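Sequence lines, in order, name chains Y and G. Just so you know, we're using our numbering here: the first sequence kicks off at 1 and counts up by one. Just so you know, we're using our numbering here: the second sequence kicks off at 626 and counts up by one. Below is one structure, written out as structure tokens, with a few remarks after it.
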Amino acid sequence: MEWKTVIRKRFIRNMLLAVFCIHWFACIYWFLENKAVQEKGYINRYHQNIEAVLQQSDSMNQISIFKVAHGFSKRNIEKTADDYKKLLKIEPVSFGYQGLIAFFRCNLVHFFGVLSVLLAVIALTDRNAVGLKHMAYAARDGRGRRIFRKLLAIILWCMAVTAALYGSAFFISGCIYGTDYFSALQYPVQSIPIFMDVTYGLSIGEFLLLFLLYRCMFLVITALIVWSVYYFIDNVIIGTAVLGAMALAEVLLYSVIKVNSLFCILKYCNLWYQIKDNSFFSEYVNLNFFSYPVTKELISTAIIIIVCMILAFCSIMKAVITYPSVSRRFKMPFSSLLLLLQERLNSMGFEAYKLLVSQKGILLLLALLFVFIKQADFTDVIESGVQEMYCSFIERYEGVPTDASEQELGQLGSFLDALAKEYEQAVSDYEAGKIDDKAYEEIQYKCSAYQTEQIFYREIMVQRDYLKSLQEKRGMDGWYINLYCYNRLFKNRLDLQDFVFAAGMLLLVFGAFWEEKISRADAVLRLCKYGRRELDRKKAILLIGITVIMFAVENVLEAASIYKLYGISGLFAPVQSIPRLSAVFFRCNILQFMVLFFFLKLAVLLLLLLSAFGILKIIRKKTGR
Amino acid sequence: MQLMVQNLKKDYGKTHALSGISITFTPGLYGLLGPNGAGKSTLINLITDNIARQEGEILFDGTDIKTLGKSYRAVVGYMPQTQGFYNDFSVYAFLMYISRLKGLKKEKAKERSFELMEAFHLQDKRRVRIDGLSGGMKQRLMLAQALLNDPKILILDEPTAGVDPQERIRIRNYISMIAEGRIVIVATHIVSDVEAIANEIYLIGNGKVIKNGTPGQLIQDVSEKVYDISADYDKLKEIQEKYIVSNINSREDGVHIKIVADTPPEGYDYSRCPANLEDVYLDTFSS
Chain Y
1 MEWKTVIRKR FIRNMLLAVF CIHWFACIYW FLENKAVQEK GYINRYHQNI EAVLQQSDSM
61 NQISIFKVAH GFSKRNIEKT ADDYKKLLKI EPVSFGYQGL IAFFRCNLVH FFGVLSVLLA
121 VIALTDRNAV GLKHMAYAAR DGRGRRIFRK LLAIILWCMA VTAALYGSAF FISGCIYGTD
181 YFSALQYPVQ SIPIFMDVTY GLSIGEFLLL FLLYRCMFLV ITALIVWSVY YFIDNVIIGT
241 AVLGAMALAE VLLYSVIKVN SLFCILKYCN LWYQIKDNSF FSEYVNLNFF SYPVTKELIS
301 TAIIIIVCMI LAFCSIMKAV ITYPSVSRRF KMPFSSLLLL LQERLNSMGF EAYKLLVSQK
361 GILLLLALLF VFIKQADFTD VIESGVQEMY CSFIERYEGV PTDASEQELG QLGSFLDALA
421 KEYEQAVSDY EAGKIDDKAY EEIQYKCSAY QTEQIFYREI MVQRDYLKSL QEKRGMDGWY
481 INLYCYNRLF KNRLDLQDFV FAAGMLLLVF GAFWEEKISR ADAVLRLCKY GRRELDRKKA
541 ILLIGITVIM FAVENVLEAA SIYKLYGISG LFAPVQSIPR LSAVFFRCNI LQFMVLFFFL
601 KLAVLLLLLL SAFGILKIIR KKTGR
Chain G
626 MQLMVQNLKK DYGKTHALSG ISITFTPGLY GLLGPNGAGK STLINLITDN IARQEGEILF
686 DGTDIKTLGK SYRAVVGYMP QTQGFYNDFS VYAFLMYISR LKGLKKEKAK ERSFELMEAF
746 HLQDKRRVRI DGLSGGMKQR LMLAQALLND PKILILDEPT AGVDPQERIR IRNYISMIAE
806 GRIVIVATHI VSDVEAIANE IYLIGNGKVI KNGTPGQLIQ DVSEKVYDIS ADYDKLKEIQ
866 EKYIVSNINS REDGVHIKIV ADTPPEGYDY SRCPANLEDV YLDTFSS
């Protein structure tokens with residue numbers, strides 16, 4: 001009976017439908033944008049890779065620091081070797097596994113799953129239902145049994161959400177890639193490169209079942225934690241703050257704790273680790289459990305079961321032992337100041353107050369700000385030697401190609417050609433037995449030392465050839481500019497941050513209408529002289545203002561992080577200097593194009609928001625509020 | 626000043642909420658009485674232009690209210706049945722917000738808000754959050770916001786719902802006091818709220834006006850139909866099944882049952898007794 005509560009509540013039902021629809025579209029978009037590729041030669045190299053791991057274990061075992069008899073390191077090495085030895089018996093099968101790779105790499109599903117179970121938990125809590133709580137408490141089965149049924153309903157919903165979301169993602173990936181799933185199910189899971197390190201002899205079908213089971217368990221524990229927080233704390237604001245702090249703690253623990261730390265359990269038995277991607281299923285990691293290596297799957301499963309049982313037991317006991325409490329009204333910090341502020345607001349100020357304070361829109365904006373700052377990643381540094389070389393070249397020769405730049409590239413090209421010839425000669429000499437292993441290895445080592453230069457040279461020559469063709473075909477003098485910088489600035493596809501931003505703003509639009517609906521003040525408002533179009537106009541202006549500000553913040557942060565990494569220069573170069581923008585048919589410099597680009601991006605976002613605003617207005621009119 | 630409702634119809638799917646109501650309101654206090662689902666709130670929502678009408682017209686001084694638009698809304702004050710507030714607003718902030726929406730300038734809004742807070746004894750709750758007020762205070766606040774723009778038409782939907790007797794009398798008296806020179810429409814199913822103060826009462830049932838008149842006229846119409854039966858307790862059930870029972874009063878000498886009937890009750894010891902509006906209500910809606 002309790003599980004029906006979720007679909008009976010119209011708002012929750014509609015939100016679930018919306019989440020599922022967005023999930024499907026997002027998955028289709030993601031699968032089309034992020035093409036998975038077949039790894040060539042993987043099957044042939046499979047046993048070699050396993051042997052390499054075993055050899056590494058052997059050689060590490062020889063090192064004295066790992067030889068401590070009762071130490072975790074020695075035990076871990078031995079366990080790793082034992083686990084990988086089992087994989088030698090497995091014969092992976094070659095088949096078209098791109099669909100499966102795409103499915104396991106699509107991380108959007110996890111977030112939609114968490115969102116769906118959150119909605120189910122919200123539906124099952126007796127929030128703001130003081131009378132109902134007392135009525136239920138006075139009934140025969142209204143205490144422990146009622147809570148037990150609610151907990152069962154949560155588990156059922158987690159199973160349903162897992163089947164619906166992961167099942168649909170699986171189906172969509174199959175359709176897009178044309179993977180023949182039925183025949184693939186019997187192949188060893190190690191046939192897929194990303195699961196090379198799975199040390200269990202499972203078929204793909206068995207692995208998928210376990211994968212779904214684990215995903216369901218993660219959703220259950222997430223749902224139970226959220227349920228428990230709201231059930232025990234019984235105040236939405238405090239509960240949300242606690243959950244936010246827990247989420248932040250999980251992210252920090254995962255980011256900060258090292259793999260070989262004594263606290264690595266906190267890194268891997270961590271909800272953020274489960275939600276962010278599927279590496280739980282592909283990574284081989286043994287956790288340090290009192291100096292014994294234990295697989296993360298075993299520890300995670302045990303922790304999930306124990307925590308779920310504890311939370312369920314405590315919830316049922318609370319219902320049986322304690323009286324139903326009236327939800328405590330949370331006194332906002334500075335509440336008297338807020339009341340004073342209310343008296344000084346003008347009409348636009350009132351709308352802003354309703355949206356940002358009453359509807360807690362400010363929390364949404366702060367969350368978005370956190371996402372922007374995290375994505376901007378000011379801690380990023382240039383680690384790649386190729387990028388460093390490239391940036392140094394561009395710094396020296398930014399602008400139209402000159403004789404000096406041609407000369408430098410010519411010299412480098414000649415040197416690398418000579419090196420390549422030397423290597424070819426060495427190969428043929430080695431095959432002919434003219435040189436020994438040592439000499440051959442020396443030549444190999446010498447060539448590999450210049451690998452960075454080779455990659456850099458290939459990259460810069462592509463850019464140089466492009467600029468040349470630009471001059472020949474279109475008569476434009478393109479510049480050498482930092483393409484790492486500008487490719488990042490002018491992203492040519494939507495990413496998770498864009499979705500999150502758009503979703504956040506849409507939520508804000510929704511909140512603007514929701515406030516009127518839940519307050520039931522709209523009957524009075526609509527009868528006020530300026531309570532209709534003018535009021536809607538104020539809301540629209542407010543939403544546009546907030547969107548523009550957040551958009552500016554997002555792009556300024558992104559630009560600042562790019563500037564910190566690469567510096568931003570060459571703004572007056574023709575925009576066609578960027579190969580990605582070669583199709584721009586009008587002449588302008590990068591700065592002018594940047595203004596236009598961001599203006600159009602903002603315009604599209606505003607169009608989306610205003611369309612949503614308009615649709616909600618129509619729905620409000622049709623449903624008679 | 627005249628508010629005319631002509632042949633108003635409104636359906637909700639297959640349900641006919643209003644089936645051609647016509648009423649003309651001039652300055653005075655009007656009561657709309659009827660059971661739940663009679664169409665009172667629908668009529669009110671149509672007059673306040675909160676829902677779209679199917680057929681008919683609503684004219685204020687000869688012009689359709691849709692045509693008048695803002696200028697009509699500028700002269701209307703509305704207290705809905707459901708209390709609708711922003712719970713984290715203070716009393717004063719809420720009044721200021723509504724007055725700005727009603728087009729009052731800041732100084733005038735401030736003046737009116739203070740005036741009404743004093744009139745409704747809310748001045749010491751000025752900086753209290755609305756969700757911290759009692760039910761009676763919230764009702765007073767709802768009435769206060771309806772009066773911010775000194776409306777010519779005041780529409781009150783169940784103004785005394787959920788308040789204690791003292792509060793109810795206070796609100797009733799206030800309504801009576803401010804009705805001078807305005808059209809005041811009070812929709813309620815609490816008969817005593819309008820009996821004493823209304824100039825004219827409309828009894829609405831099944832989306833139609835069943836009866837209307839001054840309280841005196843309506844009472845007069847049923848004065849010959851009200852009887853007081855004196856009987857034993859064991860006859861009570863039988864009487865309840867046969868007649869419309871208005872009141873049951875247990876006394877030392879037995880039970881006195883007030884009934885409304887077209888003909889005198891046969892086989893019982895009865896006497897005539899004075900009628901009131903409740904008897905009119907029962908007579909109209911029970912048959």
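Quick reminder that beta carbons are idealized off the backbone N, C-alpha and C, glycines included. From a predicted model like this one, the values you see are computed outputs, not experimental measurements.
Beta carbon of residue i nearer than 8 angstroms to that of residue j
i                            : j                         : result
alanine 481 of chain Y       : glutamate 398 of chain Y  : The residue asked about is misnamed: residue 481 of chain Y is isoleucine in this sequence, not alanine. Closer than 8 angstroms, so yes.
glycine 99 of chain Y        : threonine 222 of chain Y  : no
lysine 750 of chain G        : leucine 741 of chain G    : no
glutamate 849 of chain G     : threonine 839 of chain G  : no
isoleucine 882 of chain G    : isoleucine 873 of chain G : yes
alanine 319 of chain Y       : arginine 146 of chain Y   : yes
phenylalanine 628 of chain Y : serine 173 of chain Y     : With chain Y covering 1 to 625 only, the question about residue 628 of chain Y has no answer from this structure.
valine 693 of chain G        : valine 809 of chain G     : Reading off the sequence shown, one finds leucine at residue 693 of chain G, where the question assumed valine. In this structure, valine 809 of chain G does not lie closer than 8 angstroms to leucine 693 of chain G by Cβ.
tyrosine 84 of chain Y       : leucine 54 of chain Y     : yes
Residue i: contacting residues in chain Y (beta-carbon distance under 8 angstroms)
i                        : result
threonine 640 of chain G : Result: empty, since nearest Cβ-Cβ is about 14 angstroms, beyond 8 angstroms.
threonine 813 of chain G : Result: empty, since nearest Cβ-Cβ is about 17 angstroms, beyond 8 angstroms.
lysine 695 of chain G    : Lys529 and Tyr530
Residue i, buried or exposed, once every other Cβ within 10 Å from all chains shown has been counted against 16
i                         : result
threonine 667 of chain G  : buried
methionine 721 of chain G : buried
arginine 587 of chain Y   : exposed
arginine 537 of chain Y   : exposed
methionine 505 of chain Y : buried
aspartate 674 of chain G  : buried
glycine 647 of chain Y    : Because residue 647 of chain Y is not part of the residues shown, which for chain Y are 1 to 625, the question remains open.
arginine 793 of chain G   : buried
lysine 727 of chain G     : buried
isoleucine 619 of chain Y : exposed
Under 7 angstroms by beta carbon: chain G residues contacting residue i
i                        : result
glutamine 626 of chain Y : No statement about residue 626 of chain Y is possible, as the shown extent of chain Y runs from 1 to 625 and does not include it.
arginine 526 of chain Y  : Asn675
leucine 535 of chain Y   : Leu726
Span of the alpha helix (DSSP H), counted from its first residue to its last, around residue i
i                         : result
aspartate 141 of chain Y  : Looking at the DSSP string, aspartate 141 of chain Y is not in any alpha helix (DSSP H), and its letter there is neither H nor E.
glycine 413 of chain Y    : 403-431
isoleucine 90 of chain Y  : Segment: none, isoleucine 90 of chain Y is in no alpha helix (DSSP H) and carries neither H nor E.
methionine 550 of chain Y : 533-566
valine 509 of chain Y     : 496-519
glycine 702 of chain G    : Per DSSP, glycine 702 of chain G belongs to no alpha helix (DSSP H); it is in the beta strand (DSSP E), 701-704.
arginine 8 of chain Y     : 2-8
aspartate 636 of chain G  : From DSSP, aspartate 636 of chain G is part of no alpha helix (DSSP H) but of the beta strand (DSSP E) over 628-637.
Neighbouring residues, chain G, relative to residue i (Cβ below 9 angstroms)
i                      : result
glycine 531 of chain Y : Arg698, Ile723, Leu726 and Lys727
serine 358 of chain Y  : Tyr711, Asn712, Asp713 and Phe714
Where residue i meets chain Y, residues with beta-carbon distance less than 9 angstroms
i                            : result
threonine 707 of chain G     : Arg520 and Ala523
phenylalanine 739 of chain G : Chain Y residues near phenylalanine 739 of chain G: none, gap ~12 angstroms exceeds 9 angstroms.
glutamine 926 of chain G     : Any answer about residue 926 of chain G is impossible in this case: the structure gives chain G only from 626 up to 912.
Neighbouring residues, chain G, relative to residue i (Cβ below 8 angstroms)
i                     : result
lysine 354 of chain Y : Tyr711
First through last residue of the beta strand (DSSP E) which encompasses residue i
i                            : result
isoleucine 265 of chain Y    : Isoleucine 265 of chain Y -> not in any beta strand (DSSP E); alpha helix (DSSP H) instead, spanning 264-268.
phenylalanine 650 of chain G : 640-650
glutamate 680 of chain G     : 680-685
arginine 526 of chain Y      : Where arginine 526 of chain Y is concerned, there is no enclosing beta strand (DSSP E), although the alpha helix (DSSP H) it sits in stretches over 522-526.
valine 811 of chain G        : 808-813
Proximal chain Y residues relative to residue i, where beta-carbon distance stays under 7 angstroms
i                        : result
valine 701 of chain G    : Leu527
arginine 752 of chain G  : Leu339
glutamine 748 of chain G : What glutamine 748 of chain G touches in chain Y: nothing, since even the nearest Cβ is about 14 angstroms away.
**Report entry** Three or more C-beta pairs below 8 angstroms linking the segment 827-845 of chain G and the segment 628-644 of chain G
**Finding:** yes
Requested in this report: Mind the definition here: the segment 159-179 of chain Y touches the segment 39-49 of chain Y only if three or more C-beta pairs lie below 8 angstroms; say whether that holds.
Outcome: no
Query raised in the report: Are at least three pairs of beta-carbons, each pair with one atom in the segment 246-266 of chain Y and one in the segment 281-290 of chain Y, less than 8 angstroms apart?
Result: yes
Query raised in the report: Does the segment 72-82 of chain Y come close enough to the segment 291-298 of chain Y that 3 or more CB-CB pairs lie under 8 angstroms?
Result: yes
Requested in this report: Kindly confirm or deny that the segment 181-191 of chain Y and the segment 343-362 of chain Y touch, where touching means at least three C-beta pairs closer than 8 angstroms.
Outcome: no
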